[in-house]
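Remember, this note's numbering sits 15 above the position in the sequence shown when you count from 1.
Ideal Cβ positions, reconstructed from N, Cα and C, are used throughout, including at glycine.
Quick caveat: nothing in here was measured; it's all calculated off a predicted structure.
Okay, so here's the structure we're looking at.
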Amino acid sequence: MPESTKTATLTFDDKSIELPMYAPTVGPEVIDIRKLYAEGKVFTYDPGFTSTAACDSTITFIDGGKGELLHRGYPIDQLAEKSHYLEVCYLLLYGELPSATALEEFETTITRHTMLHEQMMNFFRGFRRDAHPMAVMTGVVGAMSAFYHDSTDIADPRQREIASHRLIAKMPTIAAMAYKYTIGQPFVYPRNDLDYSSNFLRMCFAVPAEDYEVNPILSRAMDRIFTLHADHEQNASTSTVRLASSSGANPFACIAAGIACLWGPAHGGANQACLEMLKEIGSVERIPEYIARAKDKDDPFRLMGFGHRVYKNFDPRAKVMKQSADEVLDLLGVENNPILQVAKELEKAALEDPYFADKKLFPNVDFYSGIILEAMGFPTSMFTPIFALSRTVGWISQWKEMISDPGMKIGRPRQLYCGETLRDYVDIEQR
Ligand code: SDX
16 MPESTKTATL
26 TFDDKSIELP
36 MYAPTVGPEV
46 IDIRKLYAEG
56 KVFTYDPGFT
66 STAACDSTIT
76 FIDGGKGELL
86 HRGYPIDQLA
96 EKSHYLEVCY
106 LLLYGELPSA
116 TALEEFETTI
126 TRHTMLHEQM
136 MNFFRGFRRD
146 AHPMAVMTGV
156 VGAMSAFYHD
166 STDIADPRQR
176 EIASHRLIAK
186 MPTIAAMAYK
196 YTIGQPFVYP
206 RNDLDYSSNF
216 LRMCFAVPAE
226 DYEVNPILSR
236 AMDRIFTLHA
246 DHEQNASTST
256 VRLASSSGAN
266 PFACIAAGIA
276 CLWGPAHGGA
286 NQACLEMLKE
296 IGSVERIPEY
306 IARAKDKDDP
316 FRLMGFGHRV
326 YKNFDPRAKV
336 MKQSADEVLD
346 LLGVENNPIL
356 QVAKELEKAA
366 LEDPYFADKK
376 LFPNVDFYSG
386 IILEAMGFPT
396 SMFTPIFALS
406 RTVGWISQWK
416 EMISDPGMKI
426 GRPRQLYCGE
436 TLRDYVDIEQ
446 R
């Protein structure tokens, strides 16, 4: 935590309160209001946390105005082009890019944790076959605390590290099993001779009846999607994981809470909602109708995959994703995919419309990801599970940063109470 270099003075009624300010390495300065209630008997009010820094962190920085995303200082476009997901996992977890030896050891560790406890197969079988894979993932990840007791003591750094490795390693296996279960196909076990993204593709698409060859270009595209979703500062699901962890809950329960939060269509569920929206639009001719609906205050419809709480410029991940979409669809010979044409025309029409320009609504990470995932053969119900799989390392890295802070306190916000004041109970005869 940086030293305070100056103060802010808050004056109201007959009070004048000096509040320390801290300067970041980059980004907005903060005003420390921790003593505000004790000295001023007032709360600040920020329901959507639009102006609130909930913690200090060294993991990810976002400049919404510039459309910049850094992981431990490295820009996302360079990581997407030059690195790969497990190396980015190492960077997020440990703070530096690994040496060749350290990377090999880390990848071997993760590979050796990809299998699930065999007893967990029964847990899957408790779900209906038409269960949404996100419901299955939320349940199965929460249940991991019942199977991996030896890595739930958050006070033990070694157990924290084992839990981190287990979660990163097992999420592809769990996501693939959730998919296989809902389509009535047998589970496919991970293989130690495949890299992380190839393993995931094989666990999703291989069947016992024939061999499955991973297409290296699809595997690279899959790995890039994992990398682009790995972490994103204090977004809603990461904040959920931090708040759940602040009570001392075990890491599996906290990650399950993050999965549950990510599922919402305003957050990680937007990739599924975006593709369903593009399909509903169906043709370039219908785009004006949907642009008008998105602008209509009386219509709850919003352009899925557009807008962002922080980015008031292009989401840098969307730029990389758009390039990847062109590559994958070209490879698959579906470059004239009608959905992709609708997406490109919709993006163009929206960006030319003053409503979106004035409100600084640009495509976000979810706008193109669904197009790639569908072209790769995933159903829309698997889009958010893939986001959850990718974001697990971000949740875990932020969890680890918070848990290892000796100054950590349980998160307990207050409120602006607008309800009834004290009143006596009224017997039913008098009501
Ligand atoms: C993710 O936080 C993260 O980092 C999240 C994420 C991550 O990696 O973790 O980046 C992943 O969640 C990306 C966002 C995916 N969600 C969607 O694509 C859903 C559609 N987008 C919106 O619901 C919305 O833009 C949000 C939720 C993303 C952001 O909402 P905010 O910041 O609360 O903004 P807002 O709702 O206050 O909107 C500001 C204005 C409003 O108009 P006014 O009331 O000012 O007149 O912009 C309008 C909104 O109506 N608006 C939109 C719009 N998004 C905002 N209008 C039409 N279509 C949209 N998509």
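Exercise. Considering only residues of the segment 60-133, which uninterrupted beta strand (DSSP E) runs meet the minimum length of 3 residues and lie entirely inside it, listed in chain order?
Worked result: 75-78 and 83-86
Exercise. Just curious, the beta strand (DSSP E) that Y163 is in, first and last residue?
Worked result: Taking the first residue of the sequence shown as 1, we reach residue 163 at position 148. Counting along the chain, Y163 falls outside any beta strand (DSSP E), and DSSP gives it neither H nor E.
Problem set entry | Endpoints, the alpha helix (DSSP H) within which T197 is located | Here the question's residue 197 lines up with position 182 in the sequence shown. Taken as a continuous stretch (DSSP letters only), the alpha helix (DSSP H) holding T197 covers P172 to T197.
For this session: Check whether the Cβ of L344 sits closer than 7 Å to any heavy atom of the ligand SDX, and report yes or no.
Result: Position 329 of the sequence shown, counted from the first residue, corresponds to residue 344. No; taking the cut-off as 7 Å, the Cβ of L344 has no heavy atom of the ligand SDX nearer than that.
Exercise. So is the beta-carbon of F321 under 7 Å away from any non-hydrogen atom of the ligand SDX?
Worked result: Numbered from its first residue, the sequence shown carries residue 321 at position 306. Checking every heavy atom of the ligand SDX against the Cβ of F321, one is found closer than 7 Å.
For this session: Compute the distance between the beta-carbons of G283 and F402, then report whether it is under 8 Å.
Result: As a working mapping, residue 283 is identified with position 268 in the sequence shown. As a working mapping, residue 402 is identified with position 387 in the sequence shown. Yes, the Cβ-Cβ distance between G283 and F402 is below 8 Å.
Exercise. Quick one: what does DSSP say S298 is sitting in, helix, strand or coil?
Worked result: As a first step, residue 298 is located in the sequence shown; it is residue number 283 there, counting from the start. Reduced to three states, the DSSP call for S298 is coil.
For this session: Return yes when the C-beta of R257 is under 7 Å from any heavy atom of the ligand SDX, and no when it is not.
Result: Translated into the one-based positions of the sequence shown, residue 257 becomes position 242. Outside the cutoff, so no.
Problem set entry | Residues near M152 in its chain [Cβ-Cβ closer than 7 Å; skip 5 each side] | By one-based count along the sequence shown, residue 152 stands at place 137. The residues are I189, A190, A193, I274, P400 and A403.
Problem set entry | Alpha carbon of G322 to alpha carbon of D61, nearest angstrom | Along the sequence shown, one-based indexing puts residue 322 at 307. Along the sequence shown, one-based indexing puts residue 61 at 46. Distance between the alpha carbons of G322 and D61: 20 Å.
For this session: Let me know if P378 comes out buried or exposed under the rule of 16 or more other beta-carbons within 10 Å of its beta-carbon.
Result: Position 363 of the sequence shown, counted from the start, is the residue given in the question as residue 378. P378 is buried by the Cβ-count criterion.
Problem set entry | D171 to K310 span [Cα, whole Å] | Within the sequence shown, residue 171 is the residue found at index 156, counting from 1. Within the sequence shown, residue 310 is the residue found at index 295, counting from 1. Roughly 52 Å between the two C-alpha positions.
For this session: Measure the Cβ-Cβ separation of P331 and D47 and say whether it is below 8 Å.
Result: Taking the first residue of the sequence shown as 1, we reach residue 331 at position 316. Taking the first residue of the sequence shown as 1, we reach residue 47 at position 32. No. Outside cutoff.
Exercise. Taking the alpha carbon of I425 as the point to measure from, which residue in L51, L25 and S261 has its own alpha carbon closest?
Worked result: Along the sequence shown, read from residue 1 onward, the residue named residue 425 stands at position 410. Comparing Cα positions, the closest option is S261.
Problem set entry | Beta-carbon spacing of M135, V103 below 8 Å | Indexing the sequence shown from 1 puts residue 135 at position 120. Indexing the sequence shown from 1 puts residue 103 at position 88. Contact flag unset, no.
For this session: State yes or no: is the C-beta of D381 nearer than 7 Å to some heavy atom of the ligand SDX?
Result: Along the sequence shown, read from residue 1 onward, the residue named residue 381 stands at position 366. Yes, Cβ of D381 sits closer than 7 Å to a heavy atom of the ligand SDX.
Problem set entry | Boundaries of the alpha helix (DSSP H) in which T242 is found, first to last residue | Position 227 of the sequence shown, counted from the start, is the residue given in the question as residue 242. P231 to L243 is the span of the alpha helix (DSSP H), which, as asked, contains T242.
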